[in-house]
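Okay, so the sequence shown: first residue is 1 according to the UniProt record's numbering, each after it adds one. A short write-up of the structure that comes next.
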Amino acid sequence: MNEFRENVKRFLTETRTRVQELRNSVNELKSTFMELPGNNGYMSSSEIAEAEMKRAELLAMKESLTKTLASNHQRRAELQKQVENMLVARSPERCKPIQSGNSKCV
């Protein structure tokens, strides 16, 4: 019977603590909601216009970066091809004859 009472007390304490945590969370959410810009949590026209301008700037920047990235990929491919051609051109110079008559490339 004592064990049952202890369990009930523990449950009651844990439940009260959890209820208080939930109340604190609700109050925090209400506070955050009240801090939102504008009336009733909506943005004003000037804030919307400012956000749209920023969006347009970011889209233009993204397009510029996309073009630069494509150009860099193309340039990288060209440079890789040049390196491959140089290595192929140098490979006969790196081959050494061995006694069996075959050549070994190092």
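Built from N, CA and C at the ideal position, the CB exists for glycine as well.
CA-CA distance, residue i and residue j?
i, j, result
"Glu52", "Lys67", "23 Å"
"Met1", "Glu21", "30 Å"
"Ala70", "Lys54", "24 Å"
"Leu12", "Met61", "58 Å"
"Leu79", "Leu87", "12 Å"
"Arg90", "Arg75", "23 Å"
"Thr15", "Phe33", "27 Å"
"Val19", "Phe4", "22 Å"
"Glu47", "Leu58", "16 Å"
"Arg23", "Glu50", "36 Å"
Residues in the same chain with beta-carbon distance under 8 Å from residue i, minus the five sequence neighbours each way, listed in chain order, please.
i, result
"Asn72", "none"
"Gln82", "none"
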